[in-house]
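J.: Following this message is one structure expressed as structure tokens.
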Amino acid sequence: MSKGVEHYKSRIIAESFAKFYASDNTAMLDYPLRLGNAKKGSSSPTIAEKSDYILDSGIGNENVGNREVFERGKEIDADKLVPADVLNSPGETTERVVELFEMLNGDDGYSAEVIVPLQCGEGVSHADHYESLRGELSDIGVDITNHRLAVGGIKDWDFPEQLRALALVREHVGLDIDIHGFGMGADWNWLVAIRKCPWLVDSFDNSTNVKMSNNGSILNPQLERIDYRLPRGKNSTCLYSMIRESIYYMVSYLITPFVRDTDAPEKFRIDDDELIESIHVLSNHREWKESGKMLVGE
-14 MSKGVEHYKS
-4 RIIAESFAKF
6 YASDNTAMLD
16 YPLRLGNAKK
26 GSSSPTIAEK
36 SDYILDSGIG
46 NENVGNREVF
56 ERGKEIDADK
66 LVPADVLNSP
76 GETTERVVEL
86 FEMLNGDDGY
96 SAEVIVPLQC
106 GEGVSHADHY
116 ESLRGELSDI
126 GVDITNHRLA
136 VGGIKDWDFP
146 EQLRALALVR
156 EHVGLDIDIH
166 GFGMGADWNW
176 LVAIRKCPWL
186 VDSFDNSTNV
196 KMSNNGSILN
206 PQLERIDYRL
216 PRGKNSTCLY
226 SMIRESIYYM
236 VSYLITPFVR
246 DTDAPEKFRI
256 DDDELIESIH
266 VLSNHREWKE
276 SGKMLVGE
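Residues -14 to 283, numbered by the working numbering, are exactly what the sequence shown covers, in order.
If you want it as structure tokens, here you go:
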């Protein structure tokens, strides 16, 4: 007797090498990993109740600070909060991180996991910021090693630079701390990197699928954008929700061990371009773990 579709959907999420959080505020959609932000109308108590929910500030939005993140998080009982970090400003971001922890420590009625964002700036790497944050948080009784990190400020970087930034943070903090990649997207470079280096990040998020379906296109199984204009009208949100849900599970499935080698997308098997060569340099996980070798260069 079949165990049913819900069983197999949960297996896909459980076995994916990195958890894919959908930045999607549609309550009708059945997908258990969601990201919303504290801007009005961009988070949902209904979704927060039935999912593993990250509440973000929406970096760059001057109208959303830690107070808005904290109050909205408490209102909807969000599982995870991201402080209102400041792009390319490690110093200001540190102040925001400390502030959010102090808000949570001062409230007995609400507890949430804090995802600690790392920023880089002039002469300051993400690893440098981690070290300064570790000291500042220790001063208020918080051990940074107990919290998930997020590598921020790299959304618009070229992919090789994104990969290098994430790898250098992983190298610096080791394998026992969870790392989230903000806005990394759902493209082949990124999914191949996760398949080749499943230790690189533990989670990432993406909003492209929502924007695409609303504008009449979707991702096909090769993650290529194609026209797909669904009819609009009464109850059509149901159609859009089902399409997006299938794409979210497809992306998650592509980074599980379930994909049959003979059916793997062709781009998974490319082995001679610059990207895959760079990933091969990063992928010797066991040797690095045992010897302390650099992940990127020597």
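For each residue, glycine too, the CB sits at the ideal point set by N, CA and C. For clarity, every value in this text was computed on a predicted model and none was experimentally measured.
Count the other CB atoms, across all protein chains shown, that sit within 10 Å of the CB of proline 145; report buried if there are 16 or more and exposed otherwise.
T.: That one is exposed.
J.: Across the region 119 to 130 and the region 173 to 181, are there enough close Cβ pairs to call them in contact, namely three or more that are closer than 8 Å?
T.: The region 119 to 130 vs the region 173 to 181: no contact.
J.: Ends of the alpha helix (DSSP H) at lysine 181?
T.: Start and end: 173 to 181.
J.: Answer with buried or exposed for asparagine 90, where buried requires no fewer than 16 other C-beta atoms within 10 angstroms of its C-beta.
T.: By the 10 Å Cβ count, asparagine 90 comes out exposed.
J.: Taking the alpha-carbon of glycine 108 as reference, which of Val136, His132, Gly76, Val101 has the nearest alpha-carbon?
T.: Nearest C-alpha to glycine 108: Gly76.
J.: Going residue by residue through the region 129 to 155, where are the continuous beta strand (DSSP E) segments of at least 3 residues, counting only ones entirely within it?
T.: Within the region 129 to 155, the complete beta strand (DSSP E) runs of at least 3 residues are 134 to 136.
J.: Identify whether glycine 159 lies in helix, strand or coil by the three-state DSSP scheme.
T.: Residue state, collapsed to three classes: coil.
J.: Under the rule that 16 or more other beta-carbon atoms within 10 Å means buried, what is aspartate 257, buried or exposed?
T.: Residue confidence for aspartate 257 is low, a pLDDT of 41 falling below 50, so the modelled location carries little weight and cannot support an answer.
J.: Measuring CB atoms only, is the region 18 to 38 touching the region 210 to 217, in the sense that at least three cross pairs come out at less than 8 Å?
T.: No, they do not touch.
J.: List the residues that DSSP assigns as beta-bridge partners of asparagine 22.
T.: The partner list for asparagine 22 (beta bridge, DSSP) reads Asp41.
J.: Which of the three DSSP states, helix, strand or coil, is assigned to lysine 274?
T.: With a pLDDT of 47 at lysine 274, under the threshold of 50, the modelled position of that residue is not reliable, and no figure is offered here.
J.: Below 8 Å on the Cβ atoms is my contact criterion, and I expect alanine 3 with valine 186 to pass it. Report the Cβ-Cβ distance as a whole number of Å.
T.: Right, the Cβ-Cβ distance comes to about 5 Å (below 8 Å), so this counts as a contact.
J.: Kindly indicate which three-state DSSP category phenylalanine 55 falls into: helix, strand or coil?
T.: It is helical.
J.: Among Val158, Arg180, Glu60, which has the Cα closest to the Cα of tyrosine 238?
T.: Closest option to tyrosine 238, Cα to Cα, is Arg180.
J.: By DSSP's criteria, valine 101 is part of a beta bridge. Which residues make up the other side?
T.: Valine 101 is bridged to Leu134.
J.: With three or more C-beta pairs closer than 8 Å as the rule, is the region 99 to 108 touching the region 45 to 64?
T.: With a cut-off of 8 Å, the region 99 to 108 and the region 45 to 64 do not count as touching, because too few Cβ pairs lie within range.
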